[in-house]
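The block underneath contains the structure these notes are about, expressed in structure tokens.
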Amino acid sequence: MDSSRALLELPLLDARLFTEGNTKEQLQFAQSFHDCLKEHGFAKVVNHGLDDAWVAKLHYWNQRFFNLPDAVKDDIAHVPGPDPQRGFSRLGAERTAKLHAAGTGVTRGEDDRVDRLDAREHFDQGSPQDYEYPNRWPAEAELAGFREFMEAHYVKSQQVSCMLLNALELSLGLPASALSSRCLGGASELRLNHYPTISAAELKSGSLARIWPHTDLGVLTCLFQDDVGGLEIEDRRCKGTFRPIPRQAWNEMVVNVSETLERWTNGQLAAGVHRVSAPAATTCDAVLAARYSNAFFVKADRQTDVGVLQTFVRNGEACRYSPMTALEYHKARVASAY
């Protein structure tokens, strides 16, 4: 294996210390969670409240959805544009290379990655109570029970994310609910990802990746992945180098800092750059197995300011990010990905 892609084994942080522990144990989890996010942009959390059986059901429904006929999925296709994503997006519809290039100030001609494609399709869902941007569901006759489970999973994911934000509030010395109260309006989103079987040769061509390097737009992302492998995070000690973080436990939740949290903290907690690639040991003639993952994008309420929180502006330090609403920021960033 290429030494530059040596595995990065993040510690498995036990959330029961925070949800069931005494004051000392709560602080221990909160500080470990913060420190891991600060060092790597990522952390792994277990005993978060979603048990093995629930995570197994999540993977089950993910595969069931993508096994639907194309015509059924196309009936609920997301309309490309700046609005929050809802429904099904075909292979290559979202271009993370363009998203990351726009976020880093790269323009066409400076980096040809802006036109490279993702070998991934996905289903996106908002809150069951989001009437401004309603969800798009397959007919019950086509996938009975899917909507019921996914709506329940949204509620559970919101509860878990609130707990994680409470832990960050404690570790950052913020008042209770200083972060979580900004994320309760139902703007968060669920995404089911499917990376179809693909040859290693296609991925090595330079024009296609399972996902190109990028950062996420929200506050935190909470991810469950299967054991196929390929998720890699940028090593902050060596920019441009990516380290695999394979699954270590069945129901581990991979949590990463997203752009809104970076903005709120004035860069104190920087968004984690990541990609999905062929595992390092993959041979040129190999065919990669299909890969599935399930993400919950924790997002600020749409009219909430995503500029720097004054708490994080130290004496003489400039605000790195301008005030704007979360929806304005979302639309500006997502528009670049299509």
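Oh and the sequence shown: position 308 is 308 in the UniProt record's numbering, straight run, nothing missing. Ideal Cβ placement from N, Cα and C applies to all residues, glycine included.
- Partner residues in the beta bridge of residue 44, as assigned by DSSP, are 12 and 254.
- Minimum Cα-Cα distance from residue 73 among the listed residues 136, 152 and 48 corresponds to 136.
- Membership of residue 162 in any beta strand (DSSP E) is not indicated; the residue belongs instead to the alpha helix (DSSP H) covering 146–171.
- Taking residue 59 as the centre and dropping the five residues before and after it, the same chain places the C-beta of 224, 226, 292 and 294 closer than 8 Å to its C-beta, in chain order.
- Looking at the DSSP output, residue 199 bridges to 287.
- According to the DSSP secondary-structure assignment, residue 23 is paired through a beta bridge with no residue.
- One thing to note: residue 298 has its Cβ within 8 Å of the Cβ of residue 219.
- In the DSSP assignment, residue 333 falls within the unbroken alpha helix (DSSP H) covering 326–334.
- By the Cβ criterion, the segment 195–206 is not in contact with the segment 138–148, since fewer than three pairs of Cβ atoms, one from each stretch, lie closer than 8 Å.
- One Cα belongs to residue 177, the other to residue 166, and the distance between them is close to 7 Å.
- Between residue 8 and residue 45, the gap from beta carbon to beta carbon reaches 8 Å or more.
- With 16 or more other Cβ atoms from the protein chains shown falling within 10 Å of its own Cβ, residue 273 counts as buried.
- From the listed residues 143, 91 and 29, the smallest Cα separation to residue 118 is found for 91.
- Distance from the Cα of residue 314 is smallest, within the candidate group 325, 288, 212 and 268, for 268.
- Following the DSSP letters along the chain, one finds residue 260 inside the alpha helix (DSSP H) bounded by residues 259–264.
- Annotation for residue 30: 167, 170 and 171 place their beta carbon closer than 6 Å to its own, counting only its chain and skipping 5 residues before and after.
- DSSP, reduced to helix, strand and coil, places residue 319 outside both helices and strands of the structure shown, so it counts as coil.
- Distance between residue 153 and residue 263, taken at the CA atoms: about 28 Å.
- Counting of Cβ neighbours within 10 angstroms places residue 67 among the exposed residues, the total staying below 16.
- Judged by DSSP secondary structure, residue 59 falls outside any beta strand (DSSP E) and instead within the alpha helix (DSSP H) spanning 52–66.
- If you draw a straight line from the Cα of residue 229 to the Cα of residue 287, it is about 13 Å long.
- Within the same chain, Cβ atoms closer than 6 Å to the Cβ of residue 15 are found at 45, 47 and 48, the five residues on either side in sequence being excluded.
- Of the residues assessed, residue 132 falls on the exposed side of the cut-off, its CB having fewer than 16 other CB atoms within 10 angstroms.
- Secondary structure at residue 309: coil, using DSSP grouped into helix, strand and coil.
- When the alpha-carbon of residue 187 is set against those of 157, 302 and 234, the nearest one is in 302.
- Rounded to the nearest angstrom, the gap between the Cα atoms of residue 19 and residue 199 is 44 Å.
- As the crow flies, the alpha-carbon of residue 190 is around 15 Å from that of residue 57.
- The Cβ-Cβ distance between residue 122 and residue 193 falls below 8 Å.
- Shown here, residue 179 sits in coil according to DSSP, grouped into three states, outside any helix or strand.
- In the three-state reduction of the DSSP assignment, residue 77 falls in the strand class.
- DSSP places residue 91 in the coil class of the three-state scheme, outside both helix and strand.
- Across the set 305, 236, 240 and 164, the C-alpha of 164 shows the shortest separation from the C-alpha of residue 253.
- Annotated three-state conformation of residue 97 is helix, per DSSP.
- Here residue 28 carries a helix assignment [DSSP, helix/strand/coil].
- Here residue 259 is buried, its C-beta having at least 16 other C-beta atoms within 10 Å.
- Taking every protein chain shown into account, the CB of residue 120 has 16 or more other CB atoms within 10 angstroms, so this residue is buried.
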